[in-house]
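Everything on this sheet refers to the single structure shown next.
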Amino acid sequence: MKNFKTNKRILSLILCASLTASLSGCYLLPDEEEVLEAPTVKASEVTYTTVTAQRKTLEKKIVNSGTIMSEQQYNLSYEDQGGTISEFYVRAGDSVKEGDVICEIDTTEIEYQIKLKELDRERAYLNTVVLYESGCTQAEYDYAYVDVELLDIELEKLNEQLEEAVLTSPTDGTISELADVRVGDYASPGQTIATIMQTDELYIAIEPNDLTAFPIGQEVQIRLDEEYYTGEVFMNPDALVEYQAEQAESHEAETDGGIEYEMDKIYVRFTEDPPSDCVGQLADTILVQETVEDCIAISNNLIKTVDGESVVYVLKDGEKTAVTVEIGLQTGSQSEIISGLEEGDELIIR
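Numbering of the sequence shown is given in this note's numbering, commencing with residue -9 and proceeding in unit increments.
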(Lines of atoms letter the chains of each structure in order from A and count residues from 1; the text may use other names and numbers.)
(Lines give C-alpha, C1' and ligand atoms only; values in the text may rest on other atoms or scores of the structure.)
Protein backbone atom coordinates (compact mmCIF):
# COMPACT_ATOMS: atom_id res chain seq x y z
CA MET A 1 0.00 0.00 0.00
CA LYS A 2 2.80 2.30 0.85
CA ASN A 3 4.59 1.54 -2.42
CA PHE A 4 1.47 2.28 -4.39
CA LYS A 5 1.18 5.76 -2.84
CA THR A 6 4.86 6.42 -3.49
CA ASN A 7 4.54 5.50 -7.17
CA LYS A 8 1.44 7.65 -7.56
CA ARG A 9 3.31 10.66 -6.15
CA ILE A 10 6.25 10.14 -8.57
CA LEU A 11 3.89 9.87 -11.54
CA SER A 12 2.16 13.09 -10.55
CA LEU A 13 5.51 14.93 -10.38
CA ILE A 14 6.48 13.69 -13.87
CA LEU A 15 3.14 14.87 -15.36
CA CYS A 16 3.50 18.29 -13.79
CA ALA A 17 7.03 18.69 -15.17
CA SER A 18 5.96 17.71 -18.68
CA LEU A 19 3.04 20.15 -18.65
CA THR A 20 5.27 22.95 -17.46
CA ALA A 21 7.81 22.28 -20.21
CA SER A 22 5.18 22.23 -22.98
CA LEU A 23 3.67 25.52 -21.81
CA SER A 24 6.97 27.37 -21.56
CA GLY A 25 8.56 25.96 -24.81
CA CYS A 26 11.77 27.77 -24.01
CA TYR A 27 14.15 24.87 -24.52
CA LEU A 28 12.37 22.59 -27.07
CA LEU A 29 12.16 25.22 -30.04
CA PRO A 30 15.24 26.67 -31.94
CA ASP A 31 16.36 30.22 -31.35
CA GLU A 32 14.63 32.87 -33.56
CA GLU A 33 16.87 34.10 -36.50
CA GLU A 34 17.83 37.72 -36.85
CA VAL A 35 15.91 39.65 -39.62
CA LEU A 36 18.30 41.18 -42.18
CA GLU A 37 17.72 44.44 -44.07
CA ALA A 38 16.76 44.23 -47.81
CA PRO A 39 19.78 44.65 -50.14
CA THR A 40 20.10 47.94 -51.97
CA VAL A 41 19.81 47.49 -55.86
CA LYS A 42 21.35 50.18 -58.03
CA ALA A 43 19.21 51.00 -61.14
CA SER A 44 20.99 50.32 -64.46
CA GLU A 45 21.52 53.22 -66.85
CA VAL A 46 18.84 53.49 -69.62
CA THR A 47 20.13 53.40 -73.21
CA TYR A 48 18.20 54.43 -76.35
CA THR A 49 18.45 53.69 -80.05
CA THR A 50 18.35 56.93 -82.03
CA VAL A 51 18.40 58.30 -85.55
CA THR A 52 19.62 61.75 -86.61
CA ALA A 53 17.16 64.23 -88.14
CA GLN A 54 18.32 65.18 -91.63
CA ARG A 55 17.22 67.41 -94.50
CA LYS A 56 16.12 65.86 -97.77
CA THR A 57 13.71 66.20 -100.70
CA LEU A 58 10.33 64.69 -99.92
CA GLU A 59 7.97 63.57 -102.68
CA LYS A 60 4.38 62.47 -102.42
CA LYS A 61 3.86 60.01 -105.24
CA ILE A 62 1.62 57.21 -106.46
CA VAL A 63 3.44 54.07 -107.58
CA ASN A 64 1.72 51.27 -109.50
CA SER A 65 3.05 48.24 -111.35
CA GLY A 66 2.00 46.73 -114.65
CA THR A 67 3.19 44.63 -117.56
CA ILE A 68 4.55 46.35 -120.66
CA MET A 69 2.27 45.55 -123.59
CA SER A 70 1.95 46.56 -127.22
CA GLU A 71 -0.92 48.67 -128.49
CA GLN A 72 -1.10 46.33 -131.45
CA GLN A 73 -0.59 42.59 -131.21
CA TYR A 74 -1.31 39.64 -133.47
CA ASN A 75 -2.25 36.09 -132.56
CA LEU A 76 -1.03 33.78 -135.32
CA SER A 77 -2.78 30.49 -136.04
CA TYR A 78 -3.64 28.07 -138.84
CA GLU A 79 -7.19 29.14 -139.55
CA ASP A 80 -8.43 26.59 -142.10
CA GLN A 81 -6.26 23.56 -141.54
CA GLY A 82 -4.41 21.75 -138.83
CA GLY A 83 -1.25 19.76 -139.04
CA THR A 84 1.84 18.41 -137.37
CA ILE A 85 4.50 21.02 -136.60
CA SER A 86 7.60 20.18 -138.63
CA GLU A 87 9.80 23.19 -137.85
CA PHE A 88 9.99 26.22 -135.54
CA TYR A 89 12.12 29.19 -136.58
CA VAL A 90 11.72 31.55 -133.61
CA ARG A 91 11.73 31.63 -129.82
CA ALA A 92 9.89 33.84 -127.34
CA GLY A 93 11.57 37.25 -127.18
CA ASP A 94 12.93 37.15 -130.74
CA SER A 95 12.55 40.21 -132.95
CA VAL A 96 10.95 39.56 -136.34
CA LYS A 97 10.31 41.45 -139.57
CA GLU A 98 7.18 41.37 -141.67
CA GLY A 99 7.19 38.14 -143.71
CA ASP A 100 9.62 36.24 -141.46
CA VAL A 101 8.72 32.55 -141.13
CA ILE A 102 7.50 31.56 -137.69
CA CYS A 103 6.89 27.84 -138.17
CA GLU A 104 5.76 25.19 -140.68
CA ILE A 105 3.47 22.20 -140.53
CA ASP A 106 4.26 18.93 -142.27
CA THR A 107 3.18 19.05 -145.94
CA THR A 108 4.14 15.54 -147.05
CA GLU A 109 0.54 14.50 -147.67
CA ILE A 110 -0.33 17.75 -149.47
CA GLU A 111 2.69 17.43 -151.77
CA TYR A 112 1.69 13.84 -152.54
CA GLN A 113 -1.85 14.91 -153.44
CA ILE A 114 -0.50 17.71 -155.66
CA LYS A 115 1.68 15.23 -157.56
CA LEU A 116 -1.28 12.90 -158.15
CA LYS A 117 -3.54 15.73 -159.30
CA GLU A 118 -0.88 17.02 -161.69
CA LEU A 119 -0.69 13.57 -163.30
CA ASP A 120 -4.48 13.36 -163.50
CA ARG A 121 -4.58 16.78 -165.18
CA GLU A 122 -1.90 15.76 -167.66
CA ARG A 123 -3.93 12.70 -168.58
CA ALA A 124 -7.15 14.71 -168.91
CA TYR A 125 -5.40 17.27 -171.08
CA LEU A 126 -3.91 14.59 -173.37
CA ASN A 127 -7.38 13.14 -173.73
CA THR A 128 -8.62 16.48 -175.12
CA VAL A 129 -5.70 16.53 -177.57
CA VAL A 130 -6.54 13.04 -178.83
CA LEU A 131 -10.18 13.97 -179.26
CA TYR A 132 -9.29 17.14 -181.15
CA GLU A 133 -6.92 15.38 -183.51
CA SER A 134 -9.49 12.63 -184.19
CA GLY A 135 -11.95 15.19 -185.43
CA CYS A 136 -14.40 15.22 -182.50
CA THR A 137 -17.27 17.65 -182.28
CA GLN A 138 -16.94 20.86 -180.28
CA ALA A 139 -19.35 19.51 -177.66
CA GLU A 140 -17.22 16.38 -177.21
CA TYR A 141 -14.08 18.49 -176.82
CA ASP A 142 -15.70 20.89 -174.34
CA TYR A 143 -17.05 17.98 -172.29
CA ALA A 144 -13.58 16.43 -172.05
CA TYR A 145 -11.93 19.76 -171.16
CA VAL A 146 -14.20 20.13 -168.11
CA ASP A 147 -12.10 17.42 -166.41
CA VAL A 148 -8.99 19.56 -166.97
CA GLU A 149 -10.67 22.61 -165.39
CA LEU A 150 -11.91 20.61 -162.40
CA LEU A 151 -8.38 19.35 -161.75
CA ASP A 152 -7.03 22.92 -162.09
CA ILE A 153 -9.41 24.00 -159.30
CA GLU A 154 -8.30 21.12 -157.05
CA LEU A 155 -4.63 21.90 -157.69
CA GLU A 156 -5.17 25.57 -156.87
CA LYS A 157 -6.72 24.63 -153.53
CA LEU A 158 -3.91 22.20 -152.71
CA ASN A 159 -1.26 24.82 -153.54
CA GLU A 160 -3.03 27.31 -151.26
CA GLN A 161 -2.86 24.75 -148.45
CA LEU A 162 0.83 24.31 -149.18
CA GLU A 163 1.43 28.05 -148.88
CA GLU A 164 -0.68 28.32 -145.72
CA ALA A 165 1.40 25.59 -144.08
CA VAL A 166 4.07 28.25 -143.61
CA LEU A 167 3.14 30.71 -140.82
CA THR A 168 4.70 34.15 -141.32
CA SER A 169 4.77 37.39 -139.35
CA PRO A 170 2.30 40.05 -140.55
CA THR A 171 4.36 42.89 -139.05
CA ASP A 172 7.65 43.97 -137.51
CA GLY A 173 7.65 43.19 -133.82
CA THR A 174 8.64 40.86 -131.01
CA ILE A 175 7.54 37.29 -130.31
CA SER A 176 5.94 37.81 -126.91
CA GLU A 177 4.60 34.29 -126.49
CA LEU A 178 4.69 30.86 -128.13
CA ALA A 179 2.09 28.16 -127.65
CA ASP A 180 3.01 25.07 -125.67
CA VAL A 181 3.61 23.00 -128.81
CA ARG A 182 6.80 21.41 -130.06
CA VAL A 183 8.05 19.92 -133.30
CA GLY A 184 5.98 16.78 -133.84
CA ASP A 185 2.90 18.10 -131.98
CA TYR A 186 -0.41 18.59 -133.74
CA ALA A 187 -1.63 22.18 -134.19
CA SER A 188 -5.41 22.45 -134.35
CA PRO A 189 -7.18 24.90 -136.68
CA GLY A 190 -7.62 28.24 -134.91
CA GLN A 191 -5.11 27.40 -132.17
CA THR A 192 -2.82 30.36 -131.37
CA ILE A 193 0.73 29.35 -132.20
CA ALA A 194 2.51 32.65 -131.56
CA THR A 195 1.73 36.17 -130.38
CA ILE A 196 3.59 39.05 -132.00
CA MET A 197 3.62 42.53 -130.51
CA GLN A 198 4.62 45.69 -132.32
CA THR A 199 7.33 47.51 -130.36
CA ASP A 200 6.90 51.06 -131.64
CA GLU A 201 3.86 51.82 -129.44
CA LEU A 202 4.05 50.31 -125.96
CA TYR A 203 1.86 50.91 -122.92
CA ILE A 204 1.20 49.81 -119.33
CA ALA A 205 -2.24 49.21 -117.82
CA ILE A 206 -2.39 50.00 -114.08
CA GLU A 207 -5.10 49.84 -111.38
CA PRO A 208 -4.52 52.78 -108.97
CA ASN A 209 -6.76 53.31 -105.94
CA ASP A 210 -7.48 56.89 -107.05
CA LEU A 211 -8.41 56.88 -110.75
CA THR A 212 -9.14 60.63 -110.68
CA ALA A 213 -5.44 61.40 -110.16
CA PHE A 214 -4.74 60.35 -113.76
CA PRO A 215 -6.35 62.77 -116.28
CA ILE A 216 -5.67 62.36 -119.99
CA GLY A 217 -2.21 63.72 -120.84
CA GLN A 218 -0.92 63.41 -117.26
CA GLU A 219 2.85 62.89 -117.36
CA VAL A 220 4.29 60.00 -115.35
CA GLN A 221 7.64 58.32 -114.93
CA ILE A 222 8.12 54.69 -115.96
CA ARG A 223 10.76 52.74 -114.04
CA LEU A 224 12.17 49.68 -115.79
CA ASP A 225 15.21 47.85 -114.39
CA GLU A 226 16.27 51.01 -112.47
CA GLU A 227 16.10 53.06 -115.67
CA TYR A 228 13.52 55.86 -116.01
CA TYR A 229 11.45 56.78 -119.07
CA THR A 230 8.69 59.32 -119.62
CA GLY A 231 5.10 58.39 -120.28
CA GLU A 232 1.63 59.89 -120.35
CA VAL A 233 -1.95 58.81 -119.70
CA PHE A 234 -3.84 58.19 -122.95
CA MET A 235 -6.94 56.38 -121.64
CA ASN A 236 -8.93 56.56 -118.39
CA PRO A 237 -12.52 55.66 -117.41
CA ASP A 238 -13.97 59.03 -118.49
CA ALA A 239 -12.29 58.91 -121.88
CA LEU A 240 -13.26 55.26 -122.29
CA VAL A 241 -16.97 56.13 -121.95
CA GLU A 242 -16.63 58.65 -124.79
CA TYR A 243 -14.58 56.21 -126.87
CA GLN A 244 -17.16 53.44 -126.52
CA ALA A 245 -19.98 55.84 -127.43
CA GLU A 246 -18.11 56.89 -130.58
CA GLN A 247 -17.53 53.26 -131.50
CA ALA A 248 -21.22 52.48 -131.08
CA GLU A 249 -22.26 55.44 -133.27
CA SER A 250 -19.78 54.64 -136.03
CA HIS A 251 -20.75 50.93 -136.03
CA GLU A 252 -17.10 50.12 -136.65
CA ALA A 253 -15.57 47.06 -135.07
CA GLU A 254 -12.36 47.48 -133.11
CA THR A 255 -9.21 46.70 -135.02
CA ASP A 256 -8.09 43.09 -134.58
CA GLY A 257 -5.19 42.92 -132.17
CA GLY A 258 -5.99 46.29 -130.59
CA ILE A 259 -6.28 47.06 -126.87
CA GLU A 260 -9.24 45.61 -125.02
CA TYR A 261 -9.82 48.47 -122.58
CA GLU A 262 -11.19 47.91 -119.07
CA MET A 263 -13.15 50.51 -117.09
CA ASP A 264 -11.18 50.17 -113.83
CA LYS A 265 -7.75 50.74 -115.36
CA ILE A 266 -5.50 53.62 -116.40
CA TYR A 267 -3.47 53.28 -119.61
CA VAL A 268 -0.02 54.87 -119.81
CA ARG A 269 1.92 55.13 -123.09
CA PHE A 270 5.70 55.46 -123.44
CA THR A 271 6.58 58.85 -124.93
CA GLU A 272 10.20 57.90 -125.54
CA ASP A 273 11.71 54.73 -126.95
CA PRO A 274 12.16 51.96 -124.37
CA PRO A 275 14.29 48.84 -125.04
CA SER A 276 12.82 46.80 -127.90
CA ASP A 277 12.94 43.62 -125.82
CA CYS A 278 10.99 44.99 -122.85
CA VAL A 279 7.58 43.70 -123.97
CA GLY A 280 6.18 41.42 -121.29
CA GLN A 281 8.39 42.80 -118.52
CA LEU A 282 7.07 44.29 -115.27
CA ALA A 283 7.54 48.05 -114.80
CA ASP A 284 6.47 50.75 -112.31
CA THR A 285 4.59 53.93 -113.12
CA ILE A 286 5.36 56.87 -110.80
CA LEU A 287 3.10 59.91 -110.49
CA VAL A 288 4.73 62.69 -108.43
CA GLN A 289 1.88 64.71 -106.86
CA GLU A 290 3.82 67.13 -104.61
CA THR A 291 7.47 67.87 -103.83
CA VAL A 292 9.13 69.68 -100.91
CA GLU A 293 12.87 70.29 -101.16
CA ASP A 294 15.41 70.73 -98.35
CA CYS A 295 13.04 69.84 -95.53
CA ILE A 296 13.42 67.82 -92.34
CA ALA A 297 11.63 64.56 -93.08
CA ILE A 298 11.29 61.70 -90.61
CA SER A 299 9.65 58.29 -90.56
CA ASN A 300 5.95 58.29 -89.69
CA ASN A 301 6.68 55.62 -87.06
CA LEU A 302 8.54 58.20 -84.95
CA ILE A 303 5.51 60.47 -84.62
CA LYS A 304 3.17 59.73 -81.69
CA THR A 305 -0.12 61.34 -80.72
CA VAL A 306 -0.26 62.59 -77.13
CA ASP A 307 -3.29 64.55 -75.89
CA GLY A 308 -4.26 65.31 -79.47
CA GLU A 309 -0.82 66.68 -80.43
CA SER A 310 1.90 65.22 -82.65
CA VAL A 311 4.93 64.39 -80.52
CA VAL A 312 8.43 63.13 -81.29
CA TYR A 313 10.74 61.85 -78.57
CA VAL A 314 14.20 63.45 -78.68
CA LEU A 315 17.33 62.57 -76.70
CA LYS A 316 18.51 65.75 -74.95
CA ASP A 317 21.37 65.66 -72.42
CA GLY A 318 20.88 61.93 -72.11
CA GLU A 319 17.20 62.29 -71.24
CA LYS A 320 14.12 61.25 -73.24
CA THR A 321 12.19 64.44 -74.01
CA ALA A 322 8.81 64.78 -75.72
CA VAL A 323 8.79 67.51 -78.38
CA THR A 324 5.63 68.79 -80.05
CA VAL A 325 6.02 69.07 -83.83
CA GLU A 326 4.07 70.60 -86.71
CA ILE A 327 3.61 68.31 -89.71
CA GLY A 328 3.54 69.43 -93.35
CA LEU A 329 3.58 67.12 -96.37
CA GLN A 330 2.92 63.48 -95.56
CA THR A 331 3.61 60.40 -97.67
CA GLY A 332 2.92 56.78 -96.93
CA SER A 333 6.19 56.42 -95.00
CA GLN A 334 7.54 59.89 -94.12
CA SER A 335 6.41 63.32 -92.96
CA GLU A 336 7.78 66.83 -93.37
CA ILE A 337 8.44 68.52 -90.01
CA ILE A 338 7.71 72.24 -90.30
CA SER A 339 8.61 73.13 -86.70
CA GLY A 340 9.76 71.47 -83.47
CA LEU A 341 12.91 69.75 -84.75
CA GLU A 342 16.30 70.91 -85.92
CA GLU A 343 18.72 69.21 -88.26
CA GLY A 344 20.99 66.96 -86.20
CA ASP A 345 18.47 66.23 -83.40
CA GLU A 346 18.72 62.69 -82.09
CA LEU A 347 15.31 61.06 -82.43
CA ILE A 348 14.56 58.09 -80.21
CA ILE A 349 13.51 54.98 -82.05
CA ARG A 350 13.16 52.82 -78.93
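By construction, the Cβ of each residue, glycine as well, lies at the ideal position given by its N, Cα and C atoms.
In DSSP terms, what residue i is bridged to
i    : result
E336 : T42
T74  : Y176
V210 : G221
N65  : T185
I58  : I194
K50  : E280
T158 : V91
V86  : G163
S325 : I288 and Q320
Residue burial classification, residue i (beta-carbon count within 10 angstroms, cutoff 16)
i    : result
I339 : exposed
M187 : buried
K255 : buried
V304 : buried
E225 : Looking at the sequence shown, residue 225 is not Glu but Met. Buried, by the Cβ-count rule.
Q279 : exposed
L272 : exposed
Y370 : In the structure as shown, the chain starts at -9 and stops at 340, and residue 370 therefore has no counterpart that could be examined.
I92  : buried
V173 : exposed
V136 : exposed
Which of helix, strand or coil DSSP assigns to residue i
i    : result
Q355 : Lying before the first or after the last residue shown, residue 355 is absent from the chain, which here runs from -9 to 340.
L9   : The pLDDT assigned to L9 is 45, lower than 50, so where the model puts this residue is not dependable, and the model offers no usable value.
T202 : helix
L331 : coil
V231 : helix
D238 : The question names Asp, but residue 238 in the sequence shown is Ala. Note: A238 maps to helix in three-state DSSP.
L18  : With a pLDDT of 45 at L18, under the threshold of 50, the modelled position of that residue is not reliable, and the figure given next carries that caveat. Here L18 sits in coil by DSSP.
Y257 : strand
N101 : Strictly speaking, residue 101 in this sequence is Glu, with Asn absent from that position. Three-state DSSP puts E101 in a helix.
Heavy atom of the ligand GDP within 8 Å of residue i beta-carbon
i    : result
E217 : The ligand GDP is not among the ligands present in this structure, which contains no ligands whatsoever.
Assumed close pair residue i, residue j - CB separation to whole angstroms, cut-off 8 Å
i    : j    : result
T42  : E336 : 6 Å
G56  : I196 : 5 Å
P348 : Y68  : It is not possible to answer for residue 348, since the shown part of the chain is limited to -9 through 340.
Inset, instruction - Counting only runs of 3+ residues fully inside the region 274 to 319, write out the beta strand (DSSP E) ranges in chain order. - result: 294 to 296, 299 to 306 and 309 to 314
Inset, instruction - Counting only runs of 3+ residues fully inside the region 104 to 153, write out the beta strand (DSSP E) ranges in chain order. - result: none
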